[in-house]
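*Asks:* Residue numbers (our numbering): 67 to 261. Beta carbons: idealized from backbone N, C-alpha and C, even for Gly. Treat the numbers as computed from the prediction; the structure is a model and nothing was measured. Before anything else, here's the structure in question.
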């Protein structure tokens, strides 16, 4: 397995991920934990990818500086909103330029991806970066999605990243054999045989 796996070990992220993994009974607290872990997880993944440009506006008696996200690179999150909506709650407020595309699965197979929206983004931006966001990376649906992006949309593996709270060793092993250059961010790797 030659994957580039980054296990995020920030203390706040570890506390939040443990709360989402082991305390999933209390629904109101679970929403709180997912919301915050989503924000921290996206921060960790996107911090090196997003470029900020400073713009200085000169007024008559002062200068004001503004920080804007560079329009050269477009970031797109592909996710099943049914599962990850609470994780993405504030991301559009903080980064309105990020695109979120819903991916639907039917019986663990890729059913629908909003292909027209993705194609328009590809036509408009030469440098499109894809982030696949999952709660748990545990089955072959992710492989189907990456195959679809690579073969039908001609997106390079170097432009695809995966972020998840937990990932299972078995699926990481499969991904490593098929896509050894893939980059994955996770808070915890679980051995399926011990669960």
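1) To test your reading of the DSSP string, which unbroken beta strand (DSSP E) runs of 3 or more residues are found completely within the region 67-150?
2) Could you check how far apart the C-beta atoms of residue 139 and residue 114 are, in whole angstroms? I think they sit under 8 Å.
3) Quick check on residue 265: does DSSP put it in helix, strand or coil?
4) Among 232, 210 and 130, which residue has its Cα nearest to the Cα of residue 84?
5) For residue 221, which residues of its own chain have a beta-carbon under 8 Å away from its beta-carbon, when the five flanking residues on both sides are left out?
6) Taking its Cβ as the centre, do 16 or more other Cβ atoms sit within 10 Å of residue 142, making it buried, or is it exposed?
7) Quick check: what's the CA-CA separation for residue 256 versus residue 167?
8) Tell me, which residues are paired with residue 232 by DSSP?
9) Which term fits residue 245, buried or exposed, when burial requires 16 or more other beta carbons within 10 angstroms of its beta carbon?
10) Could you tell me the distance, in whole angstroms, from the CA atom of residue 93 to the CA atom of residue 121?
11) In the DSSP assignment, what residue or residues form a beta bridge with residue 189?
12) Identify whether residue 222 lies in helix, strand or coil by the three-state DSSP scheme.
13) Identify whether residue 164 lies in helix, strand or coil by the three-state DSSP scheme.
14) Mind checking whether residue 169 and residue 132 have CB atoms under 8 Å apart?
*Replies:* A quick look at the data gives this:
1) 70-73, 118-124, 129-135 and 139-145
2) Counting from one through the chain shown, the residue named residue 139 turns up at place 73. Counting from one through the chain shown, the residue named residue 114 turns up at place 48. No, residue 139 and residue 114 are not in contact; Cβ-Cβ is about 11 Å, not under 8 Å.
3) No answer is possible for residue 265: it lies beyond the span of the chain, which begins at 67 and ends at 261.
4) Reading the chain shown from its first residue, position 18 is the one you call residue 84. Nearest option by C-alpha distance: 232.
5) Reading the chain shown from its first residue, position 155 is the one you call residue 221. 188, 194, 196 and 215.
6) On the chain shown, residue 142 is found 76 positions in, with the first residue counted as 1. Buried.
7) Locating residue 256 in the chain shown gives position 190, where the first residue counts as 1. Locating residue 167 in the chain shown gives position 101, where the first residue counts as 1. Roughly 27 Å between the two C-alpha positions.
8) For this step, residue 232 is matched to residue 166 along the chain shown. In the DSSP output, where bridge partners are listed per residue, residue 232 has 202 and 254.
9) Taking the chain shown and counting its residues from 1, the one referred to as residue 245 is at position 179. Residue 245 comes out buried.
10) The sequence position of residue 93 within the chain shown is 27, counting from 1. The sequence position of residue 121 within the chain shown is 55, counting from 1. Residue 93 and residue 121: Cα-Cα distance of roughly 43 Å.
11) Position 123 of the chain shown, counted from the first residue, corresponds to residue 189. BP columns for residue 189 are empty, so no partner.
12) For the purposes of this step, residue 222 is taken as the residue at position 156 of the chain shown. Residue 222 falls in the coil class under three-state DSSP.
13) On the chain shown, position 98 is the one that residue 164 refers to. Correct three-state label for residue 164: coil.
14) Residue numbering aside, residue 169 sits at position 103 when the chain shown is read from its first letter. Residue numbering aside, residue 132 sits at position 66 when the chain shown is read from its first letter. Result no, Cβ atoms of residue 169 and residue 132 do not sit closer than 8 Å.
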